[in-house]
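Engineer: Here the sequence shown is numbered in this note's numbering, starting from 1 and rising by one per residue.
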Amino acid sequence: MPIEPLMQEIFQDVPESEQEHVHQLCAYLCGLWVDTGCPPHRVSFFMIAAVSLGFPHEGGAYPCGGPKAIARTLVERIEDASSSASRVYCRAPVQNIILEDGKAAGVKLSEEFCSGVILRARKCVVSACGWRNTYHLVNNNNHTTKDEGKQHQQRAANAFPDISTASLPPQGEGFVMANVGIKGNCMEELELECCNLWTQPAGQGKSIFQGVEDYLADPLGVPVREIPLMITFPTMKNRLYNENASIEQSKYQTAQILALAKIDWFVEEHLQDGRTTPHWKSPVRRQQYMDIKDAWRERLQEAFLTYYPQLTGKIELFDVSTPLTIEHYLPSQGSGSAIGLDVNAENGPSNCCRFTNMDTMKLLDMKTPVKGLWMTGQDTLCCGVPLAQAAGLITAFRIAGPLGAIQVAIRSAWLLLATYGEETLSSAGSWMNNFKSSERYFNVANGKEN
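#1: Between the beta-carbon of VAL138 and the beta-carbon of THR395, is there less than 8 angstroms?
#2: Kindly indicate which three-state DSSP category LEU417 falls into: helix, strand or coil?
#3: Taking the C-alpha atoms as reference points, what is the distance between ILE3 and LYS362?
#4: If you compare alpha carbons, which of ASN185, LEU330, SER321 and GLN256 is closest to PRO278?
#5: Would you say the segment 229-238 touches the segment 179-198, given that touching needs at least three Cβ pairs under 8 angstroms?
#6: Would you say GLU173 and LYS262 are within 8 angstroms of each other, going by their C-beta atoms?
#7: Go ahead and label TRP280 buried or exposed: buried means 16 or more other beta carbons lie within 10 angstroms of its beta carbon, across all protein chains shown.
#8: Excluding the 5 residues preceding and the 5 following GLN389 in the sequence, name in chain order all residues of the same chain whose CB lies nearer than 7 angstroms to its CB.
#9: I need the boundaries of the alpha helix (DSSP H) containing ALA71, first residue and last residue.
#10: Let's test the definition: count the other Cβ atoms within 10 Å of the Cβ of SER282 and tell me whether it reaches 16, buried, or not, exposed.
#11: If you draw a straight line from the alpha carbon of GLY384 to that of GLN378, how long is it in whole angstroms?
#12: Whole beta strand (DSSP E) runs in the segment 201-243 with 3 or more residues, listed along the chain?
#13: Taking 8 angstroms as the threshold, find out whether the segment 207-225 comes into contact with the segment 290-302 through three or more Cβ pairs.
#14: Using 10 angstroms around the beta-carbon of ASP342, count the other beta-carbons present and answer buried if the total reaches 16, otherwise exposed.
#15: Suppose the cutoff is 6 angstroms on Cβ atoms and the five residues either side in sequence are ignored; what does the same chain contact list for TRP131 look like?
#16: Do GLU79 and ARG91 come within 8 angstroms of each other at the CB atom, strictly closer than that value?
#17: Quick one: Cα of GLU76 to Cα of ASN344, how far?
#18: Please give the ranges of any alpha helix (DSSP H) in the segment 255-332, keeping only runs that are unbroken, at least 4 residues long and fully inside the region.
#19: Consult DSSP for GLY106 and reduce its assignment to one of helix, strand or coil.
#20: Using three-state DSSP, classify ILE339 as helix, strand or coil.
#21: So, with DSSP's three-state summary, where would you put ARG132?
#22: Please state if the CB of ASN140 and the CB of GLN171 are separated by a distance shorter than 8 angstroms.
#23: Indicate the three-state DSSP secondary structure (helix, strand or coil) for GLY334 in the structure shown.
#24: Sorted by chain position, which residues of the same chain lie with C-beta nearer than 7 angstroms to GLY106's C-beta, five sequence neighbours on each side aside?
#25: Determine the closest residue to HIS23 out of GLU226, LEU197 and ILE208, with distance taken between C-alpha atoms.
#26: Which same chain residues end up closer than 6 angstroms to ILE339 when comparing Cβ atoms and leaving out the 5 residues on each side of it in sequence?
#27: Here's the rule: buried if 16 or more other CB atoms are within 10 angstroms of the residue's CB, otherwise exposed. What is LEU53?
#28: Could you check if LEU403 belongs to the surroundings of the ligand NAD, using beta carbon to heavy atom distance under 7 angstroms?
#29: In the DSSP assignment, what residue or residues form a beta bridge with HIS62?
#30: Is VAL125 helix, strand or coil by DSSP?
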């Protein structure tokens, strides 16, 4: 159920004199809607409840060393010396999933950029690039080792549901994001905090639902205080940044600004821009697109300085990315979505909500109809970094089977216990040293030092 009609039902008996408080309360309750990638007038109550339970009740978290520390840790574990057969490939776009004898047998890399190298699967193929991309990789199949295998191959490709008739939600929305470089080396100097700022276009007779709809109708025309934004300061949150930064680096802090956006706002022929450019290179854009980016840069910088006027004259960098940027580096069949499939409560007449429609839920199952092909990531569970990682764990458990899953769980529990044991021993040793120091101080103070 969408949250807007639910809120209307809850507050329907509130007198007109208190409606302003109702608008403010609704804006507060829906304040983290940007995390769902879906505007509040369409987002489901389930998603708002999920994101609201996390940050306010459990507290936020930030990886020491920044987000790259997550990728570095995963790569190091995958390419561990004890797992010599495991490799991580970068700048290696997959052209298609290989189907042989009716099952997924590996992947073929791009002919243009990787000379069509084929990577064979030992047990299965796991796709984490989203349902629609997986569909195209299966149906873009042109490899088989036997002539008689073509029928099996076509049968396997046909087993994957037809995208034109599947009960599939649309892709989620994209974002405009600004990466900001600020000259200054500490919170006190810049008068900043490490918490996020969420701005909501609500109040003065306008609900959060109407405010966001007005923004989506005219994103560059609404007043800057009515642009719904999330503003965060990554270097303020990264505990290792100021400890490990060089003298030159420590003179700067960073900020990020995020606003929901549609890919159609930027250029009508967006699929033609950058299509022939590899994903690891910056595409050449049209002047029309660059002009729109400049307009967004001016608006976002004006909004940023409206909330943080003390940073006037201290901004050294203000780089803007758009849904076209997301589509270039994370292709999603032309949607510019950063969160995969939409998480709204209703999707037109078919109502293919991914959390309540049984046909849609079956379609997004991690085990695909193609033998040996699995899916994981945010399309199979939900959007967000923690849940995408959780999807990977669940997929691994299902591939391993009951016994394999139990073995992995036991090993993981043992590692956690060992880690906590080391921390406990370290804490105990530190406590004993502190106790001995305090005991020695007490004895010296009483003239009884041994």
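Here a beta-carbon is modelled for each residue, glycine too, at the ideal position from N, C-alpha and C. Since this is a predicted model, take the numbers as computed values, not measurements.
Structural biologist: With the given structure in hand:
#1: no
#2: helix
#3: 25 angstroms
#4: LEU330
#5: yes
#6: yes
#7: exposed
#8: none
#9: 68-78
#10: exposed
#11: 7 angstroms
#12: 229-232
#13: yes
#14: buried
#15: ASP379
#16: no
#17: 37 angstroms
#18: 287-307 and 323-329
#19: strand
#20: coil
#21: helix
#22: no
#23: coil
#24: ILE98, ILE118, LEU119, ARG120, ALA121 and VAL125
#25: ILE208
#26: GLY37, GLY172 and CYS383
#27: exposed
#28: Annotation note on the ligand NAD: not contained in the displayed structure, which lists no ligands.
#29: Position check: residue 62 holds Tyr in this sequence, whereas His was assumed. None, per the DSSP bridge assignment.
#30: strand
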